[in-house]
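This report concerns only the one structure given below.
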Amino acid sequence: TFTTLIRIYHHYNWRLWGSDSGEYLYLTRYLLDKGYMLNENYIGWGRAYPDFQGMQIFAGTISLMTGIEYHTALLWFIPLASALSIPILFIIGKRMAGFLPALFGSAFYGVTFGVVYANSHPMPGGLAETLGFVFLYSWIKCLESGKICILPTRIFENPWSLIFLISFLGLLMTHHFTLLLMTGAILGILITEIAAGNKGIEKQGIIGIGFVSIVTSIYWLIYADSFGNMLNQSAFDFLPDNISVTLVMTLIPLFALTLLWLVKDYLKLPLFSENLTHKTLTKRMLLAFTISFVVILLVLWKGVPGTQIPVGMEAVPYLIVNLAWISMAAAPTLVISKKYGWSLWGWLLPMLSLATIGAITGSHLLIAYRHAPYLLAPVALIAGIGFQYFI
Numbered sequence: 055t056f057t058t059l060i061r062i063y064h065h066y067n068w069r070l071w072g073s074d075s076g077e078y079l080y081l082t083r084y085l086l087d088k089g090y091m092l093n094e095n096y097i098g099w100g101r102a103y104p105d106f107q108g109m110q111i112f113a114g115t116i117s118l119m120t121g122i123e124y125h126t127a128l129l130w131f132i133p134l135a136s137a138l139s140i141p142i143l144f145i146i147g148k149r150m151a152g153f154l155p156a157l158f159g160s161a162f163y164g165v166t167f168g169v170v171y172a173n174s175h176p177m178p179g180g181l182a183e184t185l186g187f188v189f190l191y192s193w194i195k196c197l198e199s200g201k202i203c204i205l206p207t208r209i210f211e212n213p214w215s216l217i218f219l220i221s222f223l224g225l226l227m228t229h230h231f232t233l234l235l236m237t238g239a240i241l242g243i244l245i246t247e248i249a250a251g252n253k254g255i256e257k258q259g260i261i262g263i264g265f266v267s268i269v270t271s272i273y274w275l276i277y278a279d280s281f282g283n284m285l286n287q288s289a290f291d292f293l294p295d296n297i298s299v300t301l302v303m304t305l306i307p308l309f310a311l312t313l314l315w316l317v318k319d320y321l322k323l324p325l326f327s328e329n330l331t332h333k334t335l336t337k338r339m340l341l342a343f344t345i346s347f348v349v350i351l352l353v354l355w356k357g358v359p360g361t362q363i364p365v366g367m368e369a370v371p372y373l374i375v376n377l378a379w380i381s382m383a384a385a386p387t388l389v390i391s392k393k394y395g396w397s398l399w400g401w402l403l404p405m406l407s408l409a410t411i412g413a414i415t416g417s418h419l420l421i422a423y424r425h426a427p428y429l430l431a432p433v434a435l436i437a438g439i440g441f442q443y444f445i
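In terms of the working numbering, the sequence shown opens at residue 55 and continues consecutively.
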């Protein structure tokens, strides 16, 4: 309840909240007035916004079904939908790490300002956050059942496959960045499952991710014209004109999945053993807090990677609170003491890799700081495990 309230309380003081709300309101009103989405001749600064209008469809549907004004549906119901991600994160965490770490982790995540602020105003990422967690959890349940049914004739054989497909399509229409990171997460979880010896899901898992990759490539590069042009100009501008970006985008995930198929029999989880005392854990947490604090000060001094927005020293008190609970994730070996702890690393490491690539290359598509809210979800659960052992 508290995590919901802190996402919407500002509406009592501000009629309009969020820097891009005007564009989203315009697109929603256009959809309701015309009966179809605005896809061409859009003059807003968010060139790819018309390509991903899942949020506008959601808010417009609520407005039509309830009679609520479209601006109220957009400004209120998107943060409310985002708040549903917290109990879903708890459910995921309970499956991966147990009740107490999930409770602590989802509580940390639910009130951290980087997540709350981003999802307190209407933005596609807010709705996509909830869809992304449903997408992730349904994938875990599909792997658990050993049935990943994506063909129309078999989709009803496993209810979790249907939920996975619906959440995937919702993400596809709503937010490209969330879909990219969640696809990386489900790939990482599949790899850890195969390495752990779950050989029964190799073929179905690889086919499932292949389906997601191909449909995503088709949507991004054929339907989403503006976004496809951005990919062409920003991510693949080094390619010769005679090489199709669509072909390259399709081949990259297929090549990765083919490589996974070739090495699947050789994947093994590494073994770690550590006699970790409470005193050692406390020292690690203090060291992690100190190092993180120094890094944050350097970032505030030099600038946040991926953005020119200035962040002053007045942000330090808010960041200290976050660093305090994040430092509880300072003992990685505690994670693998949990039965499904490796799934957390499978979730975290692909997203961390993409963030690192974005920071090193300065990519306009893999903007480093935008990974932060997505990374905080698995980190919060890891911190929850550390907190459980600490107390």
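Think of the CB as a built atom: it goes at the ideal place given N, C-alpha and C, for glycine as much as any other residue. In this text, all values refer to a predicted model and were calculated from it rather than measured experimentally.
Check                                                                                                                                                                : Outcome
If you draw a straight line from the C-alpha of L244 to the C-alpha of P427, how long is it?                                                                         : 22 Å
Take P324 as the anchor and find which of A113, F106, I248, T232 has the nearest alpha-carbon.                                                                       : I248
Among residues of its own chain, excluding the 5 on either side of L92, which ones have a beta-carbon nearer than 7 Å to its beta-carbon?                            : L81, Y84, P104
Mind reading off the beta-carbon distance from D74 to G114? Whole number of angstroms is fine, and I expect it under 8 Å.                                            : In fact, because the Cβ distance is near 17 Å, the residues do not count as touching under 8 Å.
Quick one: give me the first and last residue of the alpha helix (DSSP H) that P178 is part of.                                                                      : 178-199
Using three-state DSSP, classify W315 as helix, strand or coil.                                                                                                      : helix
Using the C-alpha atoms, what's the distance from F222 back to S215?                                                                                                 : 10 Å
For L79, collect the residues of the same chain with a Cβ closer than 7 Å to its Cβ; drop the 5 residues on either side in sequence, then sort them by chain order.  : H125, L128
Whose CA, out of Q110, Y163, F347, G72, lies closest to the CA of D87?                                                                                               : Q110
Which term fits T344, buried or exposed, when burial requires 16 or more other beta carbons within 10 angstroms of its beta carbon?                                  : exposed
Would you mind reading off the limits of the alpha helix (DSSP H) that contains M446?                                                                                : For the chain, the structure presents residues 55 to 445; residue 446 sits outside this window and is missing.
G159 and A151: beta carbons closer than 9 Å?                                                                                                                         : yes
Figure out for me which residue from E328, P404, W274 has the closest Cα to the Cα of V302.                                                                          : W274
Looking only at C-alpha atoms, which of A384, N283, R149 sits nearest to L419?                                                                                       : N283
Please look up how many angstroms separate the CB atoms of L70 and G238, rounded, as I've assumed it's under 8 Å.                                                    : In fact, because the Cβ distance is near 34 Å, the residues do not count as touching under 8 Å.
Can you tell which of T304, G251, M227, L157 has its C-alpha closest to the C-alpha of E198?                                                                         : G251
Identify which residue in I350, T334, L157 has its Cα closest to the Cα of A378.                                                                                     : I350
Could you give the DSSP three-state label for M91: helix, strand or coil?                                                                                            : coil
Can you tell me whether S327 is helix, strand or coil according to DSSP?                                                                                             : coil
Is S280 helix, strand or coil when you go by DSSP?                                                                                                                   : helix
Comparing C-alpha positions only, which one of I260, E328, F187, E211 sits nearest to L233?                                                                          : F187
State whether the segment 327-335 contacts the segment 380-399, with contact taken as three or more CB pairs (one from each stretch) at a distance under 8 Å.        : yes
Would R208 be called buried (16 or more neighbouring beta carbons within 10 Å of its own) or exposed?                                                                : exposed
Just to confirm my understanding: we take I436, look at its own chain, exclude 5 residues before and 5 after, and list those with CB closer than 7 Å. What are they? : A383, V389, L398
CB-CB under 6 Å to S267, same chain, minus the five flanking residues each way: which ones, in chain order?                                                          : P307
Between which two residues does the alpha helix (DSSP H) carrying Y423 extend?                                                                                       : No alpha helix (DSSP H) holds Y423; DSSP gives it neither H nor E.
Based on Cα-Cα distance, which residue from T246, S271, T270 lies nearest to G259?                                                                                   : T246
Taking only three categories from DSSP, how would you classify H175?                                                                                                 : coil
Helix, strand or coil for I390, going by three-state DSSP, please let me know.                                                                                       : coil
Report all residues from its chain with a CB closer than 7 Å to the CB of C203; omit the five preceding and five following residues, and keep chain order.           : I209, E211, N212, S215
Where does I194 land, buried or exposed, given buried means 16+ other C-beta within 10 angstroms?                                                                    : buried
DSSP three-state label for G108, please.                                                                                                                             : helix
By the three-class DSSP mapping on this structure, what secondary structure does T166 have?                                                                          : coil
Under DSSP, the alpha helix (DSSP H) around K148 begins and ends at which residues?                                                                                  : 139-151
Tell me whether L321 sits in a helix, a strand or coil according to DSSP, three-state version.                                                                       : coil
So, helix, strand or coil for G251, using DSSP?                                                                                                                      : coil
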